[in-house]
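Data first, discussion second: the structure below is written as structure tokens.
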Amino acid sequence: MSILTTILTVLVALLFFYIMYLETFATDSDSTSRVFNIKKEELQRPNLNTLFKNQGIYNGLIGVGLLYGTFLSKNPKEIVGMLLIYIILVAIYGGLTSDKKIILKQGGLPILALISLLF
Numbered sequence: 322m323s324i325l326t327t328i329l330t331v332l333v334a335l336l337f338f339y340i341m342y343l344e345t346f347a348t349d350s351d352s353t354s355r356v357f358n359i360k361k362e363e364l365q366r367p368n369l370n371t372l373f374k375n376q377g378i379y380n381g382l383i384g385v386g387l388l389y390g391t392f393l394s395k396n397p398k399e400i401v402g403m404l405l406i407y408i409i410l411v412a413i414y415g416g417l418t419s420d421k422k423i424i425l426k427q428g429g430l431p432i433l434a435l436i437s438l439l440f
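By my numbering, the letter at position 83 of the sequence shown is numbered 404, and the numbering carries on one by one without gaps.
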């Protein structure tokens, strides 16, 4: 993988670690409320709070997978490419079902990383 692809992939991993932090550790914070456009009172509801924490773990593991693929895998293009495509598809789904901004917020950087990986 090129240096540019490595840098972009690490940035995507960091983005997913930040999402994990918001969802798992700062679940009902002002930042989480602002980023996800959900009222703080809603985030304090036990059911939603639990769902957010579970979702945060998934996002953190995507970050781990990207770092594994980038630095430890014998097939980094395959692993990183698969994860980037997955992230982009999930961002598109989120944009279609929730908020169009998700496509660029969650998918913009992965799209750039995938383009750099392919070329």
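C-beta atoms are modelled at their ideal positions from N, C-alpha and C, and glycine is treated no differently. Quick caveat, the model's predicted, so the values are computed rather than measured.
Using a Cβ distance threshold of 8 Å, G390 and V401 count as a contacting pair. If you draw a 10 Å sphere on the C-beta of V333, you find 16 or more other C-beta atoms in it, and that means buried. Counting the other Cβ atoms within 10 Å of the Cβ of F440 gives fewer than 16, which makes it exposed. Between the beta-carbon of K398 and that of L438 there is about 6 Å, and that keeps the pair under the 8 Å contact cut. F440 carries a coil assignment under DSSP once its states are collapsed to helix, strand and coil.
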